[in-house]
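2 protein chains.
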Amino acid sequence: MKLENDLLLRAANGEKTERTPVWVMRQAGRILKEYRAVRGKLSGFIELVQTPDLAAEVTIQPVDILGVDAAIIFSDILVVPEAMGLPYTMEEGVGPFFPKTVKSETDLNKLKTADEDSLGYVIDAIKVTKKELNGRVPLIGFAGAPWTIFCYMIEGKGSKTFSNARKSLYKDPAFAHKLLDKIADSTINYLKGQISAGADIVQVFDSWAGILPTEQYDNFSLKYISKIANAITEVPVIVFAKGAYGSRKTIGEIDCDVVGLDWNMDIVESRDLIGPRKTLQGNLDPATLYADFNTIKSETRKMIDQFGKSRHIANLGHGVYPDMDVEKVKCFIDEVKEYSSNL
Amino acid sequence: MKLENDLLLRAANGEKTERTPVWVMRQAGRILKEYRAVRGKLSGFIELVQTPDLAAEVTIQPVDILGVDAAIIFSDILVVPEAMGLPYTMEEGVGPFFPKTVKSETDLNKLKTADEDSLGYVIDAIKVTKKELNGRVPLIGFAGAPWTIFCYMIEGKGSKTFSNARKSLYKDPAFAHKLLDKIADSTINYLKGQISAGADIVQVFDSWAGILPTEQYDNFSLKYISKIANAITEVPVIVFAKGAYGSRKTIGEIDCDVVGLDWNMDIVESRDLIGPRKTLQGNLDPATLYADFNTIKSETRKMIDQFGKSRHIANLGHGVYPDMDVEKVKCFIDEVKEYSSNL
Chain P
1 MKLENDLLLR
11 AANGEKTERT
21 PVWVMRQAGR
31 ILKEYRAVRG
41 KLSGFIELVQ
51 TPDLAAEVTI
61 QPVDILGVDA
71 AIIFSDILVV
81 PEAMGLPYTM
91 EEGVGPFFPK
101 TVKSETDLNK
111 LKTADEDSLG
121 YVIDAIKVTK
131 KELNGRVPLI
141 GFAGAPWTIF
151 CYMIEGKGSK
161 TFSNARKSLY
171 KDPAFAHKLL
181 DKIADSTINY
191 LKGQISAGAD
201 IVQVFDSWAG
211 ILPTEQYDNF
221 SLKYISKIAN
231 AITEVPVIVF
241 AKGAYGSRKT
251 IGEIDCDVVG
261 LDWNMDIVES
271 RDLIGPRKTL
281 QGNLDPATLY
291 ADFNTIKSET
301 RKMIDQFGKS
311 RHIANLGHGV
321 YPDMDVEKVK
331 CFIDEVKEYS
341 SNL
Chain U
344 MKLENDLLLR
354 AANGEKTERT
364 PVWVMRQAGR
374 ILKEYRAVRG
384 KLSGFIELVQ
394 TPDLAAEVTI
404 QPVDILGVDA
414 AIIFSDILVV
424 PEAMGLPYTM
434 EEGVGPFFPK
444 TVKSETDLNK
454 LKTADEDSLG
464 YVIDAIKVTK
474 KELNGRVPLI
484 GFAGAPWTIF
494 CYMIEGKGSK
504 TFSNARKSLY
514 KDPAFAHKLL
524 DKIADSTINY
534 LKGQISAGAD
544 IVQVFDSWAG
554 ILPTEQYDNF
564 SLKYISKIAN
574 AITEVPVIVF
584 AKGAYGSRKT
594 IGEIDCDVVG
604 LDWNMDIVES
614 RDLIGPRKTL
624 QGNLDPATLY
634 ADFNTIKSET
644 RKMIDQFGKS
654 RHIANLGHGV
664 YPDMDVEKVK
674 CFIDEVKEYS
684 SNL
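As you go down the protein sequences, you meet chains P and U in turn.
Just so we're aligned: 84 in this note's numbering is position 84 of the first sequence, and the numbers increase by one with no gaps anywhere.
Add 343 to the 1-based position in the second sequence for this note's numbering, that's all there is to it.
Structure (structure tokens):
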């Protein structure tokens, strides 16, 4: 089906667009009262992720309410470890918790490599979403980067230092590579499943990129992101490695189409490091949306001026915070559209 | 009193030294069984901080056991908000909690500016430590940077995003500046008190430097660190701004003597940005100490080669993790001493 609005895909492919496309990380979520209404009827976040009709409903809400140029499937990066054999729970305000973690070679060998069908509820949610979106905007699929998933599989929960995950890179690099490779293979299958079901573009989120020294990051994370990017040939690939300041040049060499910048990455410096052949995505400081409307507009214009009109997908530099005012989020989106149209 | 070992002070002042001085952030703490023995007799961390004889005892332990070239007074950055009128509790594995936070101008106006005498227990601990150190090595005093203290005063506890603290910078910058300035004045008084009591050098820790966009970091954090550095003329000042990748050039222009690098800051790039006139401190990845002895040695040598022999104080790029093996920490320290002696 031909998309009515394919700005995001054309920008990802480096084609000229009439204006800069825009979406917002965590656009489907607690900022929307319509989301909270759906969520309030369920036992928890994971039930929402696992109920395709409702996941599709909240995926589409920001398209209707905020006017973003893409939907992103409502899901969680931790469905991959679940599909590999490590179920998790998610407590409001506490975060994810895995009762079982990977402590040994035996644990590792017990893990399955996820296949295209192993996350049926996400695949179904994508199918429902595509049908209901009816070609209005592209649908973004996503997965966590192997390094970030590895952190949770070793640690079992969030951590300030992820020192156990980091320990394993130094103590047993062969073990770490084996697990990372298994996660990468699972992620490739999973993303291919999402694409078969209808995802028009996919994003790989590396939330914990910033904790590794550059050399280790290249060796234990980018290596596997690169494997994924090489394997996904069907649709464009976005790589968002939060905090990977020292690896931007290397990320520019990966076979991906779009590189996401966090809010602390200098735009001009990043373009210089990444080179002219990638589309950049980002990167307004999410906290800007706490400011007044005029400040949001002027900061948005400043950002667009720095990125320039081509090869840019506007976004925040991180997910929107749950307590943010929808009208402020909308102000950012509207300003991107209006200002970039007149450039 | 003349110090037997003044390597750290000479390096801080840019003088030539026979070898590279070395200490370790969080050297006094849970890595040492001798620390755990003292701590185990008390009700909690805060009682230890507030008991001068015991704080002095654990301050000196790493000098005896690890052979570091400096002691750092055992205390906490959160004693400053406490002295300003916001007491806190510290729960093992949970972190700090402030029952009262700063929510309004009224709250702000109620806060005291700490004076030199308001943290008597730290001052006393420094006096006892100096006496018992008996000139063996210098004693480092310290405080949190105003921005990091501000985060806790607004948020009341740790946070992944410190979104409330960040919100206030956008919503009411005048309020934020007023509070930051009050914290800076308190910190100056507090550090001057530490220096009067015997601290030979002081370090300002900006733990949450990395969450602000560069322009805001310069405006809301470095401005106040600079005020502190200008006011402290008695002893050298170390500034450690974790994650402030975009502000290294600006930090190089502050009137401080030493700039701490975190483990992800490229050494050569940092020297280039900061310039030749500061001593650099750091920055081995703390997780390296999970590796085998040979790896620790080779990574330590690699780090020393990159810094060069002069204007360097060796350290980890962040605090040592509590579960690390003392022998590995010692291996790092010994290797710095031996390898740099032969350069």
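Backbone N, C-alpha and C fix where the C-beta goes; we use that ideal spot for every residue, glycine too.
Integer Cβ distance of residue i from residue j, believed to fall under 8 Å
i         : j         : result
Gly317(P) : Gly282(P) : 5 Å
Gln537(U) : Ile469(U) : 6 Å
Val545(U) : Ile575(U) : 6 Å
Ile73(P)  : Phe142(P) : 7 Å
Ala114(P) : Tyr224(P) : That pair is no contact at about 15 Å.
Ala70(P)  : Leu8(P)   : 5 Å
Lys673(U) : Leu482(U) : Lys673(U) to Leu482(U), Cβ: 21 Å. No contact.
Thr187(P) : Asp218(P) : Their Cβ separation, rounded to whole angstroms, is 18 Å, which puts Thr187(P) and Asp218(P) out of contact at 8 Å.
Residue i to residue j span [Cα, whole Å]
i         : j         : result
Asp334(P) : Pro62(P)  : 13 Å
Lys376(U) : Ala587(U) : 34 Å
Pro430(U) : Val423(U) : 9 Å
Glu434(U) : Asp549(U) : 22 Å
Gly387(U) : Ser461(U) : 21 Å
Leu397(U) : Trp490(U) : 30 Å
Phe98(P)  : Met153(P) : 8 Å
Ala354(U) : Gly618(U) : 16 Å
Arg369(U) : Asn5(P)   : 54 Å
Asp107(P) : Glu82(P)  : 14 Å
Asn507(U) : Ser270(P) : 28 Å
Ser341(P) : Asn294(P) : 19 Å
Lys302(P) : Ile597(U) : 28 Å
Ala28(P)  : Lys16(P)  : 28 Å
Arg39(P)  : Glu47(P)  : 9 Å
Trp606(U) : Pro213(P) : 6 Å
Asn573(U) : Asp181(P) : 51 Å
Thr504(U) : Lys178(P) : 32 Å
Gly120(P) : Cys151(P) : 24 Å
Pick from the options that is closest to residue i, judged by C-alpha positions
i         : options                                       : result
Pro445(U) : Ile492(U), Gly383(U), Lys640(U) and Val601(U) : Residue identity differs from the one stated: residue 445(U) is Val in this sequence, not Pro. The candidate whose alpha carbon is nearest that of Val445(U) is Ile492(U).
Asp292(P) : Thr622(U), Glu459(U) and Lys510(U)            : Lys510(U)
Met1(P)   : Pro52(P), Gly275(P) and Arg136(P)             : Arg136(P)
Gly357(U) : Phe441(U), Ala399(U), Gly651(U) and Gln370(U) : Gly651(U)
Val365(U) : Phe485(U), Val411(U), Lys474(U) and Glu390(U) : Val411(U)
Lys474(U) : Lys645(U), Leu627(U), Leu346(U) and Ala630(U) : Leu346(U)
Ile554(U) : Leu280(P), Met265(P), Ala28(P) and Val24(P)   : Met265(P)
Ala552(U) : Gly372(U), Ala527(U), Pro516(U) and Gly589(U) : Gly589(U)
Asn134(P) : Ile304(P), Lys41(P) and Asp64(P)              : Asp64(P)
Val611(U) : Ile647(U), Asn452(U), Lys585(U) and Ile639(U) : Ile647(U)
Asn452(U) : Ile403(U), Ala488(U), Ala519(U) and Thr504(U) : Ala519(U)
Leu284(P) : Cys256(P), Asp257(P) and Ala314(P)            : Ala314(P)
Pro173(P) : Thr472(U), Ser641(U), Thr394(U) and Tyr633(U) : Tyr633(U)
Lys227(P) : Asp185(P), Glu105(P) and Ser298(P)            : Asp185(P)
Pro345(P) : Asp200(P), Leu280(P) and Leu78(P)             : What is shown of chain P runs 1 to 343, which leaves residue 345(P) out entirely.
Glu327(P) : Gly158(P), Lys297(P), Arg277(P) and Lys242(P) : Lys297(P)
Near the ligand ZN: residue i beta-carbon under 7 Å from a heavy atom
i         : result
Thr576(U) : Judged by which ligands are present, the structure shown has none, so any question about the ligand ZN falls away.
Assigned secondary structure, residue i (DSSP; H/G/I helix, E/B strand, else coil)
i         : result
Asn685(U) : coil
Glu435(U) : coil
Ala488(U) : coil
Lys671(U) : helix
His520(U) : helix
Lys525(U) : helix
Val367(U) : coil
Asn637(U) : helix
Ala587(U) : coil
Leu191(P) : helix
Asn164(P) : helix
Lys157(P) : strand
Leu3(P)   : coil
Ile647(U) : helix
Leu632(U) : helix
Leu352(U) : helix
Ile676(U) : helix
Leu316(P) : strand
Leu169(P) : helix
Where are the alpha helix (DSSP H) runs, 4 residues long or more, that stay fully inside the segment 543–583 of chain U, in chain order? 557–560 and 566–574
Going along the chain, which unbroken runs of the beta strand (DSSP E) with 3 or more residues stay wholly within the segment 249–283 of chain P? 258–260
Which runs of the beta strand (DSSP E) fall wholly inside the segment 390–477 of chain U and span at least 3 residues, in chain order? 432–434 and 438–440
What residues in the segment 191–222 of chain P have a beta carbon less than 9 Å from any beta carbon of chain A? Of the chains in the structure shown, none is chain A; the protein chains are P and U.
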